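Single-structure report; data block below.
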Amino acid sequence: GQQLNQSPQSMFIQEGEDVSMNCTSSSIFNTWLWYKQDPGEGPVLLIALYKAGELTSNGRLTAQFGITRKDSFLNISASIPSDVGIYFCAGQESPMNYGGSQGNLIFGKGTKLSVKP
Amino acid sequence: SQTIHQWPATLVQPVGSPLSLECTVEGTSNPNLYWYRQAAGRGLQLLFYSVGIGQISSEVPQNLSASRPQDRQFILSSKKLLLSDSGFYLCAWSQGPIETQYFGPGTRLLVL
Chain A
99 GQQLNQSPQS
109 MFIQEGEDVS
119 MNCTSSSIFN
129 TWLWYKQDPG
139 EGPVLLIALY
149 KAGELTSNGR
159 LTAQFGITRK
169 DSFLNISASI
179 PSDVGIYFCA
189 GQESPMNYGG
199 SQGNLIFGKG
209 TKLSVKP
Chain B
3 SQTIHQWPAT
13 LVQPVGSPLS
23 LECTVEGTSN
33 PNLYWYRQAA
43 GRGLQLLFYS
53 VGIGQISSEV
63 PQNLSASRPQ
73 DRQFILSSKK
83 LLLSDSGFYL
93 CAWSQGPIET
103 QYFGPGTRLL
113 VL
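Protein chains in written order, with this note's numbering: chain A, 99 to 215; chain B, 3 to 114.
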């Protein structure tokens with residue numbers, strides 16, 4: 099099925115550094131979501147974005163819904179060891195594209211973040 | 003508050019054996035329910051979703067099936083497992099028109 103292009107695939111950074119990752123799509127999305135998954139657990143929702151241009155923060159995390167509605171980015175400032183995990187973006191296509199009212203989420207392949215103390 | 007449970011947490015099954023994974027949601031009514039599979043190092047693939055009791059939509063053809071016998075119960079089944087069915091199976095729920103999904107803890111399935 100369709101997938102988002104999420105980059106980078108993996109990152110190895112030093113504690114205290116800032117992190118940036120992004121997702122792009124060829125389709126217009128109504129909603130962008132960012133999740134974090136720890137090993138052996140289900141993804142946990144970090145930030146949800148509902149309007150083009152929207153910029154939302156959750157602690158040290160900031161995410162933006164691109165103006166074109168085809169991309170989104172997630173920034174993590176001053177990374178700490180517990181930021182380690184896999185970060186997924188997910189987008190909900192416009193019902194017009196999907197052909198119905200049940201807009202399913204499409205997920206990126208994830209960005210694996212490793213933080214060195 | 004809402005919680006979502008998955009059972010079992012891990013499962014090792016021989017090829018050709020049947021499968022039944024259970025997902026239950028508490029603290030909400032008439033949720034949308036989803037089954038995903040996550041292969042190692044890959045993103046999430048939507049397998050099934052349900053908007054109500056007895057209503058199941060399949061996203062990809064496979065030897066798995068899903069059922070929703072009760073409002074907050076979602077079951078993933080197979081009559082005969084394949085090696086390729088190994089993976090991490092995640093159940094999720096959402097409520098209302100906004101598709102913000104919340105995931106369960108997952109079931110790790112290994113087919114040998």
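Even for Gly, the Cβ is constructed at its ideal location relative to N, Cα and C.
Treat the numbers as computed from the prediction; the structure is a model and nothing was measured.
Taking all protein chains shown into account, A:S212 has fewer than 16 neighbouring C-beta atoms within 10 Å of its C-beta and is therefore exposed. A distance below 8 Å separates the beta carbons of A:F171 and A:M119. When the beta-carbon positions are compared, B:Q4 and B:Y104 come within less than 8 Å of each other. Per DSSP, reduced to three states, the secondary structure at A:D169 is strand.
In this chain, the beta strand (DSSP E) harbouring B:P71 covers L66 to Q72. In the three-state reduction of the DSSP assignment, A:S123 falls in the coil class.
Taking 8 Å as the cut-off, the Cβ atoms of B:G89 and B:A41 count as close. Runs of the beta strand (DSSP E) lying entirely within the segment 4–62 of chain B, each at least 3 residues long, are 5–9, 12–15, 21–28, 34–40, 46–54 and 57–60 in chain order. Classified as exposed, B:N65 has fewer than 16 neighbouring CB atoms from the shown chains inside 10 Å of its CB. Assignment of beta-bridge partners to A:I145 by DSSP yields A:W132. By the C-beta criterion, the segment 56–64 of chain B is judged not to be in contact with the segment 15–29 of chain B, since fewer than 3 inter-stretch pairs fall below 8 Å. If you ignore the 5 residues before and after B:K81, its C-beta comes within less than 7 Å of the C-beta of P20, all in its own chain and listed in chain order.
The beta carbon of A:G151 sits no closer than 8 Å to any beta carbon of chain B. A:I184 has A:Q135 and A:K210 as its beta-bridge partners, per DSSP. Taking a beta-carbon distance threshold of 8 Å, A:G206 counts as an interface residue toward chain B. Chain-order list of chain B residues neighbouring A:P141: F105, by C-beta distance under 7 Å.
A:S123 sits close to A:D169, with the two beta carbons spaced by under 8 Å. Listed in chain order, the non-local C-beta contacts of A:N103 below 8 Å within the same chain comprise C121, T122, S123 and G206, local neighbours out to five positions each way being set aside. With contacts defined by Cβ atoms closer than 8 Å, A:Y148 and A:T166 do not form a contacting pair. By a beta-carbon distance limit of 8 Å, A:N156 does not contact A:D116. Their separation comes to about 15 Å. Cβ contact annotation for A:E152 (same chain, cutoff 8 Å, sequence separation greater than five): Q162 and F163, in chain order.
Judged by their CB atoms, B:T109 and B:R74 are not nearer to each other than the 8 Å cut-off. Beyond the five residues adjoining it in sequence on each side, A:L203 comes within less than 6 Å, by CB distance, of A188 and Q190 in the same chain, given in chain order.
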